[in-house]
Each structure stands twice: as structure tokens, then as C-alpha cells.
Amino acid sequence: MSAPLHSPRSLRTIVLLLALLLAGWLTAFGYTVWRLKQDALANGMDRAATQVRNFEEFLTQTLKVIDITADTLDPQLKPQGGIDPLALERALSAALRPTPYLRSLSLLDANGRIVASSNPRNLGVQVDTRGFFPATGP
6 MSAPLHSPRS LRTIVLLLAL LLAGWLTAFG YTVWRLKQDA LANGMDRAAT QVRNFEEFLT
66 QTLKVIDITA DTLDPQLKPQ GGIDPLALER ALSAALRPTP YLRSLSLLDA NGRIVASSNP
126 RNLGVQVDTR GFFPATGP
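Below you can see the structure in the form of C-alpha cells.
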């Protein structure tokens, strides 16, 4: 004979089955949340890596533009035995116009003092270049 539905044994079986079902659902939910977190972290790392690569490329292009600008300025500024500071400042200002992402272009002497700049307020400013360039020989 089967036990009636209201018997303690049938109630225990139903409660046990419901507890197992709830535990299974909670396990599946926990696993899903954990996977979503892992996916979000991996996605964030991928985005960060992409932004770093883009920023590095932007800096590289900026330095290339500065290098090309310096190469084109050099022949223009050597009249009869010396560089004219006023002509150099005008040339730096002209070179800066098509590059709005640069604040100014400046020329430093061997001691790190700005001797020419597209921004007149920079003239005479001492720049500590020890952290910029590797040490060179004598």
C-alpha cells in the first residue's frame, strides 16, 4: 500500500525534493553570476588594453610629427652663421598651428633652458631633462 499524501513520510519526501530543487537552482544561479563576473572582468581588461594601445599610438604619432617638424625647421633657420631666435619663434608658431593637440613647441639649449618657443611665456624656463633622455657620452 502507498502512504497517504498527508503522512509525515510523504511530507518529508516533498520537502527534501523541494530543498534539492532549490539547492540546484541556487547552484546554477551562483555559477551564472560567477561566469558573468569573469566575462565582465575579461571584457574590461580587453577594453583597457585597447585604450592603452590607442594612447601609445597617439603618443608615437605626436612624437613623429614633432620630429618631422623639427627636421623641416632646421634648413630654414640657418642664415649667415647663426640661428635667428625671432625667426625660430615664428617658425615654431607656424608649425604649431596645424597641430591643435600640442600646447607649444620649444627649443632647449644644452643646459635645459628654453631659448625659443612658440609660447613666449616659456622663454628662459629651466627644464629638468634628467628623466627624459638617457645619459650620453662626453
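Residue numbering for the sequence shown follows the working numbering, starting at 6 and increasing by one per position.
Ideal Cβ positions, reconstructed from N, Cα and C, are used throughout, including at glycine.
My guess is that residue i and residue j are in contact by the Cβ rule of under 8 angstroms, so how many angstroms apart are they, rounded?
i: V70; j: T104; result: 6 angstroms
i: G136; j: R118; result: With a Cβ gap of about 17 angstroms, G136 and R118 do not count as contacting.
i: L112; j: V120; result: 6 angstroms
i: T74; j: A92; result: Wrong, their Cβ atoms sit about 15 angstroms apart, outside the cutoff.
By how many angstroms is the C-alpha of residue j removed from the C-alpha of residue i?
i: E61; j: F34; result: 41 angstroms
i: A53; j: T37; result: 24 angstroms
i: A96; j: L78; result: 7 angstroms
i: S109; j: S98; result: 8 angstroms
i: L41; j: L68; result: 41 angstroms
i: R102; j: S123; result: 10 angstroms
i: I19; j: Q43; result: 36 angstroms
i: A115; j: Q56; result: 36 angstroms
i: P13; j: W30; result: 26 angstroms
What would DSSP say about residue i, mapped onto helix, strand or coil?
i: S122; result: strand
_Entirely enclosed beta strand (DSSP E) segments - the region 38–119, minimum 3 residues_ = 111–113
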